[in-house]
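The block underneath contains the structure these notes are about, expressed in structure tokens.
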Amino acid sequence: MAGADAKRELAGLIEAKAREFTRVSDDIWGYAETRFSLPKSADALISVLESEGFRAERGAAGMEDAFVAVCGQGGPVIGLLAEYDALSNLSQVSDSTKMEPLERGGNGHGCGHNALGTASLAAAVGLKDFLAKEGLGRGATIKFFGCPAEESGSGKAFMARGGVFDGTDVMLTWHPWTETKIWGTSSLANYQVFFHFKGTSAHAAASPELGRSALDAAELMSVGVNYLREHIVQDARIHYAYTNAGGESPNVVQPNASVLYFIRAPKSSQVRPIFERVVDIAKGAALMTGTMVEVEWDSACSEYIVNDTLARVMYENMKELGDLKYTAQEMDYAREYVGTLPAGAAGNVAALIKKCFPGIGQDKADAMASEPVQGELFPYAMSDEAMKGSTDVGDASWIAPTAQALVSCFPTGTASHSWQWVACGKSSIAHKGLIYAGKAMAMTALDVIDDPSIAEKAKQEHLERLGGETYNCAIPKDVTPR
Ligand SMILES: [Zn+2]
Numbered sequence: 220m221a222g223a224d225a226k227r228e229l230a231g232l233i234e235a236k237a238r239e240f241t242r243v244s245d246d247i248w249g250y251a252e253t254r255f256s257l258p259k260s261a262d263a264l265i266s267v268l269e270s271e272g273f274r275a276e277r278g279a280a281g282m283e284d285a286f287v288a289v290c291g292q293g294g295p296v297i298g299l300l301a302e303y304d305a306l307s308n309l310s311q312v313s314d315s316t317k318m319e320p321l322e323r324g325g326n327g328h329g330c331g332h333n334a335l336g337t338a339s340l341a342a343a344v345g346l347k348d349f350l351a352k353e354g355l356g357r358g359a360t361i362k363f364f365g366c367p368a369e370e371s372g373s374g375k376a377f378m379a380r381g382g383v384f385d386g387t388d389v390m391l392t393w394h395p396w397t398e399t400k401i402w403g404t405s406s407l408a409n410y411q412v413f414f415h416f417k418g419t420s421a422h423a424a425a426s427p428e429l430g431r432s433a434l435d436a437a438e439l440m441s442v443g444v445n446y447l448r449e450h451i452v453q454d455a456r457i458h459y460a461y462t463n464a465g466g467e468s469p470n471v472v473q474p475n476a477s478v479l480y481f482i483r484a485p486k487s488s489q490v491r492p493i494f495e496r497v498v499d500i501a502k503g504a505a506l507m508t509g510t511m512v513e514v515e516w517d518s519a520c521s522e523y524i525v526n527d528t529l530a531r532v533m534y535e536n537m538k539e540l541g542d543l544k545y546t547a548q549e550m551d552y553a554r555e556y557v558g559t560l561p562a563g564a565a566g567n568v569a570a571l572i573k574k575c576f577p578g579i580g581q582d583k584a585d586a587m588a589s590e591p592v593q594g595e596l597f598p599y600a601m602s603d604e605a606m607k608g609s610t611d612v613g614d615a616s617w618i619a620p621t622a623q624a625l626v627s628c629f630p631t632g633t634a635s636h637s638w639q640w641v642a643c644g645k646s647s648i649a650h651k652g653l654i655y656a657g658k659a660m661a662m663t664a665l666d667v668i669d670d671p672s673i674a675e676k677a678k679q680e681h682l683e684r685l686g687g688e689t690y691n692c693a694i695p696k697d698v699t700p701r
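Numbering (our numbering), first residue to last: 220 to 701.
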């Protein structure tokens, strides 16, 4: 492990450019671009990387706003994952304590990805500055991966499929959160697929015998899938939304209907057979109704492969950084947002804290839950249980050992993808979290550069966890980003 003096120097180099990093984060917050179309956000990151001497190449895996920026040579290849996509329909006035769109129907950074990508930028630039100054003999290659469409587009799955992450020794990333801890669980693999039914329109009263209802087919598909639920692995999840119910006139036999399905399970290999049965059900529904069905892939992502070796190194660095400290003004700011939450939110937070801190008493958990923002570093925990959500970081984690931190950036009890997160996305609380995350990733990278045994051990563990399986992207080869 690199020494404490070196770490302090590295952290100081990041601190010295903190204003530049928080400006980039705020700019990306303002662009609020979504899915695969993120030209301004990618430009904001690339322009800083290039001015810092990185060689950036756009168009990774055929996606215009995906990029790889490289610096250094030899030594271990350190991958830093960056996201910068926002969510649709989540426009919100910054720092407002009521739900108030900045632009009706506009987009908003409700998952903090403006800060996410920028902290990876801070880590990359800080490391580069440190290596330039101290000139470590072993060398190191820093690879900054600009990844579009984490929110329901699985940009990283397309990048993994395209071999963009190949050759990386370790992968580091983080996510803005309401607590500070190691992401120590797997995530659910997820297939996202549209089913488009096509029938024949007719007047529903005058000539129903001539009609073939696509809406009936979609409904029968739901019935079939509901019967399937009893016969799939316990932790699987199937959810759906009608993206086209045909129309608003009951007196028309609906000729078109579309349903988007998310099919999730702890392992991608478990999702595949469930997906195949869902396709059979859709075909059955089409057969029953005399309609046609077309299956259209949206995206898919794999389960996240944890790495205890790398996560512990990252955790030690987070311990070295200590707890996040907030001013009275910041506490008051956060308290305003806690005040917007429904009754019972604090109880949920206390229950989570009790789960995270073994042996903690109810009083202490209640006291922590009543803090408007959580600055304390939570205990290290690693579990084989999958958290009930999905992320395309999963696909990257199949290629190289990956560690991921969660860092407090938002008021206690507020939820990801909420207007509160958009409103607080440019606050000094979010800025503090961003800089902390940048330091934690850079310090972890420095340890990996300094001590070759870390990457070796992490790789060994990675192979054991994969159990002989190799990465197999769930998205069919002919499917391109939508
Ligand atoms: Zn997110």
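Cβ coordinates follow ideal geometry from the N, Cα and C atoms, glycine included.
- For C330, the CB falls within less than 8 Å of some heavy atom of ligand 1.
- For the pair of segments examined, the segment 630 to 648 was found to touch the segment 382 to 397: the number of CB pairs separated by less than 8 Å reaches three.
- The alpha helix (DSSP H) runs of length 4 or more contained entirely in the segment 420 to 481 are, from start to end of the chain, 433 to 447.
- Contact check between the segment 412 to 420 and the segment 472 to 479: three or more CB pairs, one atom from each, fall below 8 Å, which counts as touching.
- Rounded to whole angstroms, the gap between the alpha carbons of F363 and Q489 is 32 Å.
- If you compare the alpha carbons of T559, S373 and V568 with that of S315, the shortest gap goes to T559.
- With a threshold of 16 other beta carbon atoms within 10 Å, R227 falls short and is exposed.
- Apart from sequence neighbours up to five positions away, the residues of its chain that approach C520 with a beta-carbon distance below 7 Å are S373, A376, A408, N409, S609, T610, D611, G613 and D614, ordered along the chain.
- Here M660 is actually not in contact with L350; their C-beta atoms are around 15 Å apart, not less than 8 Å.
- A664 is not a Cβ neighbour of I401, given a cutoff of 9 Å.
- Between E680 and T631, the beta carbon gap of about 34 Å keeps them out of contact (Cβ cut-off 8 Å).
- Taken through DSSP and simplified to helix, strand or coil, C575 comes out as helix.
- Note that the segment 365 to 372 does not touch the segment 685 to 697; fewer than 3 beta-carbon pairs, one per stretch, sit closer than 8 Å.
- A642 places its beta carbon less than 9 Å from that of Y556.
- E522 counts as buried, since at least 16 other C-beta atoms from the protein chains shown sit within 10 angstroms of its C-beta.
- Shortest Cα-Cα distance from E239 to any of L229, V267 and G222 involves V267.
- Per DSSP, reduced to three states, the secondary structure at S256 is coil, with no helix or strand assignment.
- DSSP lists C290 and I297 as the bridge partner or partners of I361.
- For L257, the number of other beta carbons within 10 angstroms of its own is at least 16, and it is reported as buried.
- Cβ contact annotation for G327 (same chain, cutoff 7 Å, sequence separation greater than five): A251, A305, L306, L309, S310, Q311 and V641, in chain order.
- If you check the CB distance, S441 and R701 do not come in under 9 Å.
- I297 places its beta carbon less than 9 Å from that of A359.
- In the DSSP assignment, W396 falls within the unbroken beta strand (DSSP E) covering V389 to W396.
- If you look at E680, you'll find it in the alpha helix (DSSP H) that goes P671 to L685.
- Annotation: Q311 is outside any beta strand (DSSP E) and is labelled neither H nor E by DSSP.
- Secondary structure of L321 (DSSP, three-state): coil.
- Contact between the segment 458 to 476 and the segment 532 to 552 is not established, with fewer than three Cβ pairs separated by less than 8 Å.
- Within the same chain, R431 come within 6 Å of G509 by CB-CB distance, once the 5 residues on both sides are set aside.
- In the structure shown, the three-state DSSP call for M511 is strand.
- Boundaries of the beta strand (DSSP E) harbouring H415: A408 to K417, taken from the DSSP string.
- Between A263 and I618, the CB-CB gap reaches or exceeds 9 Å.
- Not a single heavy atom of ligand 1 lies less than 8 Å from the C-beta of S672.
- Straight-line measurement puts the Cα of A279 at about 22 Å from the Cα of A334.
- Secondary structure note for V383: it is in no beta strand (DSSP E), with a DSSP letter that is neither H nor E.
- Going by DSSP, V612 is part of the alpha helix (DSSP H) stretching over V612 to I618.
- Counting only the Cα atoms, V512 lies some 22 Å from H422.
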